[in-house]
Amino acid sequence: MSKKKSQLVDGMTLAEEFKNVNIKNELLAGLTVALALIPESVAFAFVAGVSPILSLQTAVVIGVVAAIFTGRPGMISSSTAAISVVMAALVASHGLEYLFGAVILMGLIQLLIGVLKLGKYARMIPYPVMLGFLNGLSIVIFTSQFELFKLNTTSGREWIQGLDMAIMLALVLLTMGIIQFFPKLTKAIPPSLAGIIILTLIAVSLGNFTGYHLQTVQDFAGMTLKGGLPKFYIPQLPLNLETLQVIFPYAFIAGLVGLTEAVLTLRVIDEMTDTKGNTNKEIVAQGLANLVNGFFGGMGGDAMIGQSIINVKSGGRTRLSAFVAPVVLLLFIMFGSSIINLIPLATLVGVMFMVVVGTFKWESLKYRGKIPKQDIVVMLAVTGITIFSDLATAVIAGVILSALAFAWKKGSEADAQVIDNEDGSRTYKLSGSIFFGSVLNFKDLFTPNQDPEVVIFDFENAKVMDYSGVEAINAMVEKYDLLGKKITLVQVGSYSRNLFKKANELTIIRKETIQK
């Protein structure tokens with residue numbers, strides 16, 4: 003992000019947000035995203051064990067509601083892989099009615115988090131965790147596309163072979179080439195949309211003139227995609243404690259996973275656009291989207307970093323593009339299903355591969371020897387956990403690892419300079435932070451048995467940060483007291499002094515021990 007002050011996009015009125023908007027770019031960006039949402043929504047449906055139409059309608063409802071109430075204009079929300087994985091076991095064990103109930107509860111949990119303004123804690127996520135998340139997510143997106151290189155057979159899905167694989171790879175590369183170089187010809191059309199249109203025309207022409215059939219969205223779904231407007235629906239499940247016990251674990255985990263993805267996506271788009279969204283407002287928007295979605299028979303979702311990046315790179319900057327995407331998707335489902343069904347999988351793979359190229363932080367491969375080792379360890383750990391587990395676990399683990407690494411580093415900085423005074427007393431001139439991370443080695447700084455009768459702890463360059471630090475100081479004072487030696491604390495800062503005062507009844511440190 004540039005060093006200039008970021009613009010708070012959430013602070014704008016609607017008039018200000020759309021003041022200098024390029025309507026054409028917003029509409030085309032929304033169209034591009036709508037096309038790219040189709041295969042992913044279909045794929046997520048298979049992961050969750052629901053029908054493709056249900057997943058597509060989920061993308062419509064969540065996309066519209068989140069766009070209207072968003073705290074981050076330009077961000078795309080839809081059905082996602084993370085939520086699909088969480089909900090798959092619930093669908094398999096209890097069916098769709100419990101899924102809808104869990105999605106409603108998930109929305110309520112997210113709303114509560116947003117209303118209580120707990121989104122501020124998302125700022126605690128360190129940058130190495132962000133890097134690890136982006137790199138891990140890029141790899142997950144990349145490997146998820148492998149499923150599109152397979153065919154439905156009597157024995158299951160098997161890899162495409164021979165000439166078919168060569169042709170598909172060639173078309174994937176052609177799509178990537180179009181996306182990369184099309185902007186040099188014109189910027190009137192988003193390159194991803196251009197790639198999809200050109201490859202669809204090639205696929206249709208190839209079929210008409212040679213009879214060769216490229217795998218399409220319809221082939222991948224195993225059915226003709228056609229649907230109508232989402233309909234209001236009240237889940238048919240018993241309202242009792244037993245139902246709550248079933249759906250709450252899934253709703254809680256899915257809620258946290260969804261908010262983690264939303265917050266990290268928000269931060270990524272903030273950096274790409276040099277603007278600042280509103281975290282708590284976005285959390286409320288995500289909660290409302292899932293709450294409404296549950297009452298329209300949806301599978302739940304959250305913000306999509308890949309599609310959000312496509313939107314921003316295609317020119318989408320306001321909630322208009324984020325609103326257009328689900329609306330266009332709905333129109334495709336209702337009236338343009340024949341067009342959707344013709345889109346070759348190869349071009350959609352190419353679009354997502356270019357998202358991977360743009361999302362992966364390639365500069366992180368050169369960080370060795372240039373940033374602290376602990377940051378590299380955190381980044382690699384988050385990348386690995388994102389790939390093999392889930393995003394929420396990866397981010398939580400990354401924050402914990404970062405905190406432990408920071409505590410270890412700050413703890414190792416605590417030190418003491420020993421000064422023998424002319425009057426026979428000894429001064430320990432302390433430095434650094436005294437807290438839970440430094441107390442393990444704190445006692446090794448002192449030699450009570452060898453020290454004179456009067457000892458002074460000088461806190462001019464030291465600060466007690468928590469009760470662990472207070473207790474460490476108290477333990478040393480007790481040691482000197484048992485030896486019959488007098489100890490005095492001098493130049494104690496106001497923060498440290500306040501900690502000692504609050505813990506007065508828990509320690510032997512008294513007012514007379516502490517001198518200004």
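Position in the sequence shown (first residue = 1) + 2 = this note's numbering.
Note that beta-carbon positions come from the ideal geometry of N, C-alpha and C, so glycine has one too.
Residue pairing by DSSP places GLN247 in no beta bridge whatsoever.
Of the other Cβ atoms in all chains shown, fewer than 16 fall within 10 Å of the Cβ of SER414; this residue is therefore exposed. As the crow flies, the alpha-carbon of MET108 is around 41 Å from that of ARG370. Annotated three-state conformation of THR320 is coil, per DSSP. Here ASP483 is near ILE510, since their CB atoms are less than 8 Å apart. Here GLN309 is buried. Its C-beta has 16 or more other C-beta atoms within 10 Å. Comparing alpha carbon positions, the residue from ARG321, THR72, LEU241 closest to GLY116 is THR72. Residue state for VAL35 is assigned as helix, using DSSP reduced to three classes. By the C-beta criterion, the segment 383-393 is judged to be in contact with the segment 123-137, since at least 3 inter-stretch pairs fall below 8 Å.
Inside the segment 319-355, DSSP marks whole alpha helix (DSSP H) runs of 4 or more residues at positions 321-337, 339-344, from first to last along the chain.
Partner residues in the beta bridge of ASP417, as assigned by DSSP, are SER433.
The secondary-structure analysis by DSSP pairs THR281 with nothing; it has no beta-bridge partner.
When rounded, the separation of the alpha-carbon atoms in LYS431 and GLU462 is 8 Å.
LYS278 is classed as buried because its beta carbon has at least 16 other beta carbons within 10 Å across all chains shown. With respect to the C-alpha of ASN242, the residue from TYR100, ALA168, TYR129, GLU480 having the closest C-alpha is TYR100. Under DSSP, the beta-bridge partners assigned to PHE459 are TYR430, LEU491.
Bounds of the alpha helix (DSSP H) holding LYS503 are 496-504. Going by beta carbons, ILE143 and MET354 fall inside the 8 Å limit. For LYS233, there is no enclosing alpha helix (DSSP H), as DSSP marks it with neither H nor E.
Taking each of ALA409, LEU120, ALA38 in turn and checking the Cα distance to ILE285, the smallest one comes out for LEU120. Distance from the Cα of LYS488 is smallest, within the candidate group LEU246, THR429, THR218, for THR429. In this structure, SER140 sits near PHE362, with a CB-CB distance shorter than 8 Å.
Beta bridge pairing from DSSP links GLY158 with THR155.
Burial is judged here by how many other beta carbons sit within 10 angstroms of a residue's own beta carbon; GLU28 has at least 16 and is buried. Taking a C-beta distance under 8 Å as the contact criterion, VAL105 and GLY289 do not qualify as a contact pair. Within the DSSP bridge table, the entry for LYS465 names SER435 as partners. In this structure, the alpha-carbon of MET478 lies about 19 Å from that of ASN500.
Unbroken alpha helix (DSSP H) stretches of 4 residues or longer found wholly inside the segment 160-188: 164-187, given in chain order. Burial is judged here by how many other beta carbons sit within 10 angstroms of a residue's own beta carbon; THR145 has fewer than 16 and is exposed.
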